[in-house]
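To start, the structure under review is shown below, and the notes come after it.
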Amino acid sequence: MSRNSLIYLLLFILLQFLLVEINCEVKFPISQRYFHTTTYIDNKLYILGGRYTSDDTIKTLGREFFYLDFSTGFNTNSLTWNTVNNFVPQHHGAATVVGGAQNDTLFLYGGITNYERMSMVYSFNPKKSWMIPTLEGNDGSEVNRKAFLTGIADNGKMYLWGGTEMITRYYVNDMLILDMIDLTWSTGSLINAPIPRNEYGATLLPNHKIIYMGGSNGQNLGIGLDKVYMYDTINDSWATQVTSGNIPSRRFGFSSNLALDGQRLIIFGGYNVPSKEATYVLDLTNFNWYVPNINGTIPSSRAYHRADRVLI
């Protein structure tokens, strides 16, 4: 795999936060964390929430809201983190995307909090401030909070499939859809949808289809990647695709990102996945899995991290 065809990934990790791996210059202390969110807006990567690795109790949740500015270049030997005012309760396991009328607003959905009452959705415009938008439910019904899922944005809508429903703690396979312009809820089709799961991989493809793979169904074994599932955001329909080649081991808590050419999907890590099995590529032209040839130092495997595509 040539360097020009690779995506640039920033891995925000479970056991070793980025600050541990490189010599950074910071404006405030940053704790190692996982189950946080990352959102790339206007050359800035925003990080919010998560659980601290310094204490394994659920009580230790992150409130900090900070970002890394890529507009002035990216030097791993000298990184400056910037803090942002935040009134969102400390939480973990939420989902964020970019949306709004100008496509410059961060939308945060769901998650788990222990200390304060937390709204279902928050929005943040980097040029303004945080807001709690007023939302209308589908046919007036109330939308329940979910966690440990991935938000995908397409055509002004936030797609929220699966995850853990926080009232019952059940794994679910429903599709919630938030119109980030009209601020209304709706639901997607469940016909041919995958079985309930959380901590899966999800990526938007150029053809307006979301590809879902892997995840956990509560057995701590992970779901196989011999099949992937495609949700068509235009036609509100599901399809199943069988994969071939060097199929990765079962996994959950991993990251998935689309390569720059739009024809390959890169996955990394997962719970209890060894480093030698951490990185795989799915060729989207034939749905064949393979292990890429990688130069340089490969990061240690990890889970519940975040990976974002950043063009430098």
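Using mature numbering (1 follows the signal peptide of the UniProt record, and there is no 0), the letters of the sequence shown map in sequence onto residues -22 to -1, 1 to 290.
Positions of the beta carbon are idealized from the N, C-alpha and C atoms, including for glycine.
Here the structure is a predicted model, which is why all the values come from computation and not from measurement.
Own chain, CB closer than 8 Å to L161, minus 5 neighbours either side, in chain order: Correct list, in chain order: P111, T112, L113 and E114.
Does K205 come out as helix, strand or coil in the three-state DSSP assignment? Strand.
Can you list, in chain order, the residues of its chain whose CB lies under 6 Å from that of F52, leaving out five sequence neighbours each side? The residues are I290.
Over what stretch of residues does the beta strand (DSSP E) that includes S101 continue unbroken? In the DSSP annotation of this structure, the continuous segment of the beta strand (DSSP E) that includes S101 starts and ends at V99 to F102.
Can you check whether the CB of G134 is closer than 8 Å to the CB of M158? It is a contact, given that the beta carbons lie within the stated cut-off.
Just how far apart, CA to CA, sit M208 and G240? About 15 Å.
Whose C-alpha, out of I130, S279 and R175, is nearest the C-alpha of Y148? Of the listed residues, the one whose Cα sits closest to Y148 is R175.
Would you call the stretch 134 to 144 and the stretch 45 to 63 in contact, with 3 or more CB pairs under 8 Å? Between the stretch 134 to 144 and the stretch 45 to 63, the count of Cβ pairs shorter than 8 Å is below three; the stretches do not touch.
Just grab the DSSP bridge partners of L154 for me. Under the DSSP definition of a beta bridge, L154 partners with L138 and T165.
DSSP three-state call for K254: helix, strand or coil? In this structure, K254 counts as helix in the three-state DSSP scheme.
Give the range of the beta strand (DSSP E) segment to which T112 is assigned. Taken as a continuous stretch (DSSP letters only), T112 belongs to no beta strand (DSSP E), as it is neither H nor E.
Candidates Y100, T74, S101 and R229: which alpha carbon is nearest K205's? Of the listed residues, the one whose Cα sits closest to K205 is R229.
What number of angstroms, rounded off, separates the C-alpha of I19 from the C-alpha of A125? Between the C-alpha atoms of I19 and A125 there is a straight-line separation of about 23 Å.
Are N195 and I173 touching if we call contact CB-CB under 8 Å? In this structure, I173 lies closer than 8 Å to N195 by Cβ.
Length of the line joining the Cα atoms of M144 and G248: Their backbone Cα atoms lie some 23 Å apart in a straight line.
With 16 other Cβ atoms within 10 Å as the buried cut-off, status of I276: Label assigned to I276: exposed.
Is it buried or exposed for I(-1), if we count other Cβ within 10 angstroms and need 16 for buried? Per-residue confidence for I(-1) stands at a pLDDT of 34, beneath the threshold of 50, marking its modelled position as unreliable; the derived number appears in the next sentence. I(-1) sits exposed, since fewer than 16 C-beta atoms from the chains shown fall within 10 Å of its C-beta.
Burial state of T146, where buried means 16 or more other Cβ atoms lie within 10 Å: With fewer than 16 other Cβ atoms within 10 Å, it is exposed.
Our contact map puts S167 next to S215 with C-beta atoms below 8 Å; I'd like the distance itself, whole angstroms only. S167 to S215, Cβ: 6 Å. Contact.
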